[in-house]
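> Questions regarding the structure given below will be posed in turn.
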Amino acid sequence: MAEGLSGKVDVFPLPLPMHPARALEQQESHSDDLWMVFLILSLNYMHGGQREVKVAKWTSWANVEPALPFGHIGSISAVDLADGGVRELLLDPQRFLKPGFEGQAIKSSKVMVREEDWSDLVSGLVRYNLCCVLPESALLHANGKPIQNGLFGVEKGEQANGHDIHRLIMNLIPINSASIPVDGDTGTLPLLSQMNSLELHPDEHLVISSEDLRCMFYLFALPEQWFPLLSFNRAVPPDLVPPHVDEPCYLCSKVLPMGYLNSEVGSAEVRKDRPASLANPLWRVYLDNFDLLETKNPETASIIKGSTPPDLEPILEEYFHWGVPLNPKKSVRRATFAEIQGAEIDGCSGTSRPKGDKLAKYVGATLSLLRCPVHFFHESFFTMDVSDRENHTRSSQVLPYRACAGGLSLCRRERLYWFDWGLCCEEGVVLHPPISSHPSCYGNIRFEFPADPSHFLEKGWKLHPDATHLPAFTVPQPSASANPTAAGIHRCGQAEKQRWEGDRFRFPPFQYLDRHLLWRKDEARPPNARERERILGFPVDYTYNCLNKTDTKRSPVYHDDTRLSLLGNTSSVSVVAFFFLHLLAPLGLCLVTSLKELLQVLSGHALKHGAALLSWRALHQTRVPSSSEETLVRKLLTQVSSKGEDFLVSVGSSARSHQKFRNSIPASLWTWREICGWKWGPCDDHINRLELRAIYTTIRWRVLRQKQLRVRFLHLTDSMVCLHVLNRGRSSSVKIQTLMYRLCSLVLATGLHLIPAYVSTKSNPADRPSRRARVRKKWVK
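So the mapping is simple: the numbering used here equals the position in the sequence shown, first residue as 1, plus 5.
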């Protein structure tokens, strides 16, 4: 950010000057426009913080040797540097294997080394102390076969002795599939786009110092108990088999492998999920790369150019003490121009730009992306006419498959699906291909995953004893009178018709049969919107913000009907995700590899991102009393919005993106009690000012009653106005701003750090006491 009259504006993503398809059509006559499209696409890609994905290559010892520092591989004991859970993992890896993995069939990975190059590679890796040789009987087995991993190389963009230099990568998908993940910090590594928060005044330069470790992963030696877990899927040549061993022997890694599930732990201190710091100097760590950023005036920058900063010296001493090899090509000492994460940083002008060779690769990647094939996916009702089904099949030129969500959740939902990629059998899935190629034929998919009702229903509610599933959900259609030809009315008795009338005739009459309702003792009802969301695979309250807050308060019945309408005929997330899993998982684009894992994610039992914990959860959860309120708040504060200082609950894939409508934090995370309450006296104050006065009173209570100073705390409010005012620290309203002066002064004087979070009015624990006639006027100690 530079100084000026205007505020900071994020210009990314840049708008395209013309549609890419149109640019391709006109490339002969307007080639400049075409390249401008590619350039902007590439810049937008870089700004997104994406990492370049390189293709696995067949490798050899001639490709790998120049990248390995001889004498340094395995020279540092990983156990000596670890503590806590990481040390336990290193000392006893068997404890971190999944229960029951011994009975699973684990597919081995491919070793991408040609037969004629295998002997030289094995000899070189053993000589460089990177690998050892073990007999087959000593390896880790599953289902009677050894768990064996793969090897391949990726290009570094350099050459030595006429050969491309490769990084040696170990494909450890087999052992990863049997390992319990230990959460690390790879999701917190800093992004290049975070440098937008740095401020350079006209009389300042950015001075950069950087050090990079050479071949970081292979520097750290593992204990011997790790060797049987890290074998590779090809027997070593006979001349490397130890004497008196009459069984096949395999190459095993002795070092921390690049590619192991739990390798990247505790590597980032400057994190992308934390607010930017205003300190000088700043430092950032990206795995094996350490960057020190100093702000200096131009004269000082020219004087100290090339010198070692004092903050870097302790790190270099530790590197030398442990014998860590540094990469001289990437070493930078107090320079105003350097490369960070593949971008060229100009500290004099305060700008960054992509490297020329990188930009060429991104343009090439864009071209290849535009040439990729397009897949199609179509869903329709199974009850459609045969003639319509045949027309769909002829149009798509593929036969459909019939699938019902009843095998995955509590709701039946039979649909036909047309798609143009293949499916494979897996645990809990039975495939029946079409019996002929006639357009009227279709295949069948049967899911066999029994659903636990407690994960989908509100506490205390159950299915009818005679029911295993609910009928397919329909769109509510409230009416003032009954339709005598409504679906299923002939099956309904007087009791069902009374329920239908009491519910404003919203759903077809058969939906009010005893076995189609939820029960709690003698009370019965159709599933509500929250239950339907979880049954269909959506997060809790996914549709809650379908209307703005005013309309929701004014007409809660209409709000409920709108939510149920959105969920009425929508697709089942778990079924649709199953199809796309078979398309995307083979390409390595999914965090899960099987439908079983996918269902665990959707049920909230195995979340892949902590940001989704508050939304992807079961409705009926066991309450566990705990006094660790600080731990809970500390975890919640990791979800602070990157747009400001307020807490943001995410329900999508983007961890902390802008949201027009805020999602409520579950107030049930805490146990509440009433401290004090009072009625507002007769006054002309607006409700927003009164809401802000309540927050101001809470801060005074913390200071005067709780004696809290210099602490961070989370405050829940159901006022969106107060939330945004507190977030920005100002308001255009004179009445609110006068109160904000008092509130901000108190916060500054006491060193408090207020983090506001939104809680819906219906779950706000302070809403009910404020509506009672009797109030507690004395403070609770």
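For each residue, glycine too, the CB sits at the ideal point set by N, CA and C.
Note that the structure is a prediction, hence the values are computed from the model and not measured.
Can you tell me whether M790 is buried or exposed? The criterion is at least 16 other CB atoms within 10 Å of its CB, across all chains shown.
Here the chain has residues from 6 to 786 only, and residue 790 is not among them.
> Around the Cβ of P319, are there at least 16 other Cβ atoms within 10 angstroms (buried) or fewer (exposed)?
P319 comes out exposed.
> So what does DSSP say about I309, is it helix, strand or coil?
Reduced to three states, the DSSP call for I309 is coil.
> Quick one: complete beta strand (DSSP E) runs, 3+ long, within the region 90–158?
Taking only runs of at least 3 residues, the beta strand (DSSP E) segments lying wholly in the region 90–158 are 136–140.
> Measuring alpha carbon to alpha carbon, tell me which of V337, E349 and S765 ends up nearest K558.
Nearest of V337, E349 and S765 to K558, Cα basis: S765.
> Name the residue from W466, E528, A491 and S669 whose alpha carbon lies nearest to the alpha carbon of N550.
Closest by alpha carbon: S669.
> Here's the rule I'm using: 16 or more other beta-carbon atoms within 10 Å means buried, otherwise exposed. How should S662 be labelled?
Low local confidence applies: a pLDDT of 41 at S662 is under 50, so the model's placement there is unreliable, and no value is given.
> How about L156 and V131: do their beta carbons lie closer than 8 Å?
Not closer than 8 Å, so no.
> Roughly how many whole angstroms lie between the Cα atoms of D519 and K467?
Computed Cα separation, rounded: 12 Å.
> Output needed for N449: all residues of its chain with C-beta closer than 6 Å, excluding positions within five of it in sequence on either side, in chain order.
Only R407 and H437 meet the Cβ criterion.
> Are G433 and I213 close, meaning C-beta to C-beta below 8 Å?
Not a contact, by the Cβ cut-off of 8 Å.
> If P71 sits next to I185, beta carbons under 8 Å apart, how far is it from one beta carbon to the other, in whole angstroms?
Contact doesn't hold; Cβ gap of about 36 Å is too wide.
> Ignore the nearest five residues each way along the sequence and tell me which others in E230's own chain have a CB closer than 8 Å to its CB.
Rather than Glu, the amino acid found at residue 230 in this sequence is Gln. So the list reads L96, D97, P98 and Q99, once near-sequence residues are dropped.
> Tell me the residue span of the alpha helix (DSSP H) that contains C727.
Here the alpha helix (DSSP H) through C727 covers M725 to R733.
> Specify the secondary structure class of I359 as computed by DSSP and reduced to three states.
The residue asked about is misnamed: residue 359 is Pro in this sequence, not Ile. Residue state, collapsed to three classes: strand.
> Does L812 pass the burial test, meaning 16 or more other C-beta atoms within 10 Å, or should it be called exposed?
It is not possible to answer for residue 812, since the shown part of the chain is limited to 6 through 786.
> Residues bridged to S236 by DSSP?
Paired residues: Q153 and C257.
> Where Y763 and T703 are concerned, what is the direct C-alpha to C-alpha distance, given to the nearest angstrom?
Rounded to whole angstroms, Y763 to T703 spans 16 Å at the Cα level.
> Quick one: measure Cβ to Cβ for E216 and K301, integer angstroms, because I've assumed they're closer than 8 Å.
Actually they are not in contact, since the Cβ atoms of E216 and K301 sit about 19 Å apart, beyond 8 Å.
> Between the region 237–245 and the region 253–262, do at least 3 Cβ pairs fall closer than 8 Å?
Yes, the region 237–245 touches the region 253–262.
> Might you give, ordered along the chain, the residues of its own chain that have their beta carbon closer than 7 Å to the beta carbon of E536, omitting 5 neighbours on each side?
Correct list, in chain order: F461, L462, E463 and L624.
> With DSSP as the reference, identify every bridge partner of L218, one or two as the case may be.
Bridge partners of L218: L331.
> Whose C-alpha, out of P483, P359 and Y746, is nearest the C-alpha of G734?
Nearest C-alpha to G734: Y746.
> Going by C-alpha distance, which of H383, G369 and M389 is nearest C377?
Ranking H383, G369 and M389 by Cα distance to C377 puts G369 first.
> With DSSP as the reference, label H460 as helix, strand or coil.
Correct three-state label for H460: helix.
> DSSP three-state label for I494, please.
Helix.
> To which residues of the same chain is T490 closer than 8 Å at the C-beta, ignoring the five residues directly before and after it?
If we look at T490 and ignore the five residues flanking it on each side, it has no Cβ neighbours.
> Name the DSSP beta bridge partners of D296, please?
Note: D296 sits in a beta bridge opposite S215 and R289.
> On the DSSP letters alone, give me the boundaries of the alpha helix (DSSP H) that T722 sits inside.
From DSSP, T722 is part of no alpha helix (DSSP H) but of the beta strand (DSSP E) over R717 to T722.
> In chain order, what residues of the same chain lie with their CB nearer than 7 Å to the CB of L744, ignoring the 5 residues before and after it?
Counting only Cβ-Cβ distances below 7 Å, and skipping sequence neighbours, we find R694, L697, R698 and Y701.
> Taking its Cβ as the centre, do 16 or more other Cβ atoms sit within 10 Å of L753, making it buried, or is it exposed?
Counting Cβ neighbours within 10 Å, L753 comes out exposed, since fewer than 16 surround it.
> Express the C-alpha separation of K640 and Q713 in angstroms, rounding to a whole number.
Roughly 20 Å separates the two Cα atoms.
> How about R496 and F515: do their beta carbons lie closer than 8 Å?
It is a contact, given that the beta carbons lie within the stated cut-off.
> Does L594 come out as helix, strand or coil in the three-state DSSP assignment?
Three-state result, L594: coil.
> By how many angstroms is the C-alpha of L731 removed from the C-alpha of L757?
Their backbone Cα atoms lie some 13 Å apart in a straight line.
> Leaving aside the five residues before and after C446 along the sequence, list all residues of the same chain whose C-beta is less than 7 Å from its C-beta, in chain order.
Cβ within range, chain order: L404, P439 and I440.
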